[in-house]
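Letter by letter, the sequence shown follows residues 1 to 318 of full-length UniProt numbering. A virtual CB, placed ideally from N, CA and C, is assigned to each residue, including glycine.
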Amino acid sequence: MPILHVAVVATRRFSPFHFSVPSMVFDKAMPEPGLFSVAICAEQPGLVESDIGISINVEHGLELLDTADIIIVPFWEHPATKPAAGLLKALYEAWQRGAEVVGLCLGAYVLAYAGLLNNRRASTHWEFESDFARRFPEIRLDSNALYTSDERLITSAGTAAGIDCCLNIVREHYGTALANRVARRMVMPPYREGGQAQYIERAIPETTRDTQINDLIDHLRRNLDKRHDIESIAALVSMSRRTLSRHFTKATGMTVGEWLNAERLQSSQELLETTDHSIETVSSLAGYQSPISFRQSFKARFNVSPSEWRRTFRGPRQ
Numbered sequence: 001m002p003i004l005h006v007a008v009v010a011t012r013r014f015s016p017f018h019f020s021v022p023s024m025v026f027d028k029a030m031p032e033p034g035l036f037s038v039a040i041c042a043e044q045p046g047l048v049e050s051d052i053g054i055s056i057n058v059e060h061g062l063e064l065l066d067t068a069d070i071i072i073v074p075f076w077e078h079p080a081t082k083p084a085a086g087l088l089k090a091l092y093e094a095w096q097r098g099a100e101v102v103g104l105c106l107g108a109y110v111l112a113y114a115g116l117l118n119n120r121r122a123s124t125h126w127e128f129e130s131d132f133a134r135r136f137p138e139i140r141l142d143s144n145a146l147y148t149s150d151e152r153l154i155t156s157a158g159t160a161a162g163i164d165c166c167l168n169i170v171r172e173h174y175g176t177a178l179a180n181r182v183a184r185r186m187v188m189p190p191y192r193e194g195g196q197a198q199y200i201e202r203a204i205p206e207t208t209r210d211t212q213i214n215d216l217i218d219h220l221r222r223n224l225d226k227r228h229d230i231e232s233i234a235a236l237v238s239m240s241r242r243t244l245s246r247h248f249t250k251a252t253g254m255t256v257g258e259w260l261n262a263e264r265l266q267s268s269q270e271l272l273e274t275t276d277h278s279i280e281t282v283s284s285l286a287g288y289q290s291p292i293s294f295r296q297s298f299k300a301r302f303n304v305s306p307s308e309w310r311r312t313f314r315g316p317r318q
């Protein structure tokens with residue numbers, strides 16, 4: 001099998017961590033020689049400075065992309081900054097001739113600016129999803145994926161998801177056994193369960209501009225373990241169901257049911273991470289009618305079970 005040539009694109013103010021990921025996966029952690037070769041290129045060869053002041057001396061220009069099998073843009077400095085036309089053209093032409101083009105984290109913006117992702121599935125860091133969707137409405141953004149692949153166009157979510165993405169590229173070319181060996185050398189799980197959604201911070205309003213709704217929210221938070229329905233909640237504030245729904249949505253941006261579910265899920269996360277309570281007890285304290293409904297709601301939202309969440313985020317027991 002011929003060696004696969006990987007070109008890593010160094011851009012101004014690159015992130016050293018993101019930049020090191022492809023070098024580690026396809027070179028330093030590779031247990032067998034002769035499968036990949038890794039070279040670095042830049043729009044202008046010479047010193048390229050990172051976002052923490054470290055500089056690298058890049059020998060190759062974008063001509064390296066003319067023959068690379070896999071091209072990786074590990075990061076991009078700012079979503080609003082459009083890459084130079086020369087880089088965008090080189091990436092597009094490389095993909096047209098059959099190369100795989102990869103954007104890790106905000107590197108997905110570079111592929112998007114090049115027009116490569118139009119009408120295709122893509123992912124990026126969850127904190128930038130709203131911005132990405134607004135700038136590129138023609139791209140099918142996957143909010144949960146750690147990485148995506150669509151017609152040799154590969155994108156990943158933020159930071160550590162770049163490792164998952166690169167390991168999957170190894171898996172696709174040389175099989176699971178080799179990808180697992182690389183992961184072990186990096187002391188990484190070879191395949192992570194779940195997706196990006198489990199790491200996203202969902203904003204639940206702490207307070208609103210409506211003092212009556214604020215008092216209601218405080219009461220519900222203190223009594224999450226009790227059963228609530230729209231009738232009983234409306235009675236607490238002496239409103240009709242319709243009036244409560246209108247005021248609550250205006251104040252929080254969520255329906256009463258959406259708010260309760262989000263609050264209960266957040267409470268259950270904290271209980272799973274900080275206590276030894278059984279899943280049944282966590283379910284009850286968070287206000288679910290049964291452990292079954294809790295597990296179903298948790299799995300639907302985070303794509304992992306409550307037990308898997310605890311194992312991932314709890315850390316070693318003291």
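Closest in C-alpha terms to Met-186, from the list Asp-66, Leu-167, Ser-37, comes Leu-167. The segment 122-138 and the segment 86-98 do not touch, with fewer than three beta-carbon pairs separated by less than 8 angstroms.
Around the beta carbon of Ala-85, a 10 Å sphere encloses fewer than 16 other beta carbons of the protein chains shown; the residue is thus reported as exposed.
As DSSP reads the structure, Asp-51 sits in no beta bridge.
C-alpha of Tyr-288 to C-alpha of Gly-257: approximately 13 angstroms in a straight line. With 16 or more neighbouring CB atoms inside 10 Å of its own CB, Asp-164 falls in the buried class. Rounded to the nearest whole angstrom, the CA to CA distance from Gly-158 to Leu-111 is 15 angstroms. Beyond the five residues adjoining it in sequence on each side, Glu-59 comes within less than 7 angstroms, by CB distance, of Pro-45 in the same chain, given in chain order. Taking the C-beta atoms as reference points, His-18 is found nearer than 7 angstroms to Pro-74.
DSSP places Asp-150 within a strand segment (E or B) once states are collapsed to three. Here Gln-269 is buried. Its C-beta has 16 or more other C-beta atoms within 10 Å. In the three-state scheme derived from DSSP, where H, G and I count as helix and E and B as strand, Glu-258 is classed as helix. For Val-6, the closest alpha carbon among the candidates Val-102, Gly-107, Leu-216, Glu-127 is that of Val-102. Judged by beta-carbon spacing, Ser-37 lies beyond the 7 angstroms limit of Ile-70, meaning their Cβ atoms are not closer than that value. Under DSSP, Ile-40 takes part in a beta bridge, and its partners are Val-8.
The beta-carbon separation of Ala-42 and Val-21, rounded to 17 angstroms, does not stay under the 8 angstroms limit for a contact.
Distance from the CA of Ala-251 to the CA of Asp-210, rounded to the nearest whole angstrom, comes to 6 angstroms.
The Cβ-Cβ distance between Arg-264 and Ala-300 does not fall below 7 angstroms. Under DSSP, Leu-141 takes part in a beta bridge, and its partners are Ala-122.
If you compare the alpha carbons of Arg-246, Asp-225, Ile-213 with that of Leu-236, the shortest gap goes to Ile-213. Boundaries of the beta strand (DSSP E) harbouring Val-101: 100-103, taken from the DSSP string.
Every alpha helix (DSSP H) of 4 residues or more that sits fully in the UniProt domain "HTH araC/xylS-type" (214-312) is shown, in chain order, as 230-236, 241-252, 256-274, 279-285, 291-302. Under the three-state reduction of DSSP, His-60 is assigned to strand. Contact between Arg-120 and Arg-140 holds, with the beta-carbon distance rounding to 6 angstroms and staying under 8 angstroms.
At a Cβ-Cβ threshold of 7 angstroms, Tyr-113 and Lys-82 count as neighbours.
Bridge pairing for Gly-46: Val-58 [DSSP].
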